[in-house]
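In what follows, a single structure is set out as structure tokens and then discussed.
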Amino acid sequence: NFIHPDQNGFLPKRQIKDNISIILDTLEYYEAHPEKQMALIFLDAQKAFDNVNWRFMLLQLTQMGFGEKFTQVIETIYHNQSAKVMINGELTESIDIKKGTRQGCPLS
Numbered sequence: 001n002f003i004h005p006d007q008n009g010f011l012p013k014r015q016i017k018d019n020i021s022i023i024l025d026t027l028e029y030y031e032a033h034p035e036k037q038m039a040l041i042f043l044d045a046q047k048a049f050d051n052v053n054w055r056f057m058l059l060q061l062t063q064m065g066f067g068e069k070f071t072q073v074i075e076t077i078y079h080n081q082s083a084k085v086m087i088n089g090e091l092t093e094s095i096d097i098k099k100g101t102r103q104g105c106p107l108s
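Read in order, the letters of the sequence shown correspond to residues 1 to 108 in UniProt numbering.
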């Protein structure tokens, strides 16, 4: 399984509230055992999917044992990405996209 057991968001039969329960249990334990030391760290990688480095993503797929053909397909999907924005009914010039996962892409 590639998804860590503590990852509870955006997965079937798992909810963020499960992590909240773990945090509350941890706080209660250390309140009952003041001689123990504890540190809680909360990390929110804002816009994380918008900043995924494609080379790193492909390397991870390879290291996780995905086949060469699969990795090549993903590389093809993400190679030479560009977009145009419509403003007042007019399209802008092409904008090169050099990082991030596609919105709704299973790799996200």
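Think of the CB as a built atom: it goes at the ideal place given N, C-alpha and C, for glycine as much as any other residue. Since the model is a prediction, treat every value here as computed from it, not as a measurement.
Per DSSP, cross-strand counterpart(s) of residue i
i	result
M86	L91
I74	Answer by DSSP bridge pairing: none, since I74 is not bridged.
D96	S82
Contacting residues, own chain, Cβ-Cβ under 8 Å from residue i (five flanking each side not counted)
i	result
E93	K84
G100	F49, D50, N51, V52
L61	F70, T71, I74
Option in the options with minimal Cα separation from residue i
i	options	result
F42	H33, N19, S82	N19
L58	N88, Q72, I22	Q72
Y78	R55, L11, L91, E28	R55
P106	L11, I97, D25	L11
L24	E35, K36, P34, L40	L40
First through last residue of the alpha helix (DSSP H) which encompasses residue i
i	result
Q60	54-63
L27	16-32
Nonlocal neighbours in the same chain, by C-beta distance under 7 Å from residue i, ignoring five residues either side
i	result
N8	R14, Q15, I16, D18, N19
A32	none
Supposed contact pair residue j and residue i - C-beta distance, whole angstroms, cut 8 Å
i	j	result
M64	F2	6 Å
Same chain, Cβ closer than 6 Å to residue i, five either side skipped, listed in chain order
i	result
Q81	I97
A91	One detail in the question is off: residue 91 reads as Leu in this sequence, not Ala. K84.
L27	none
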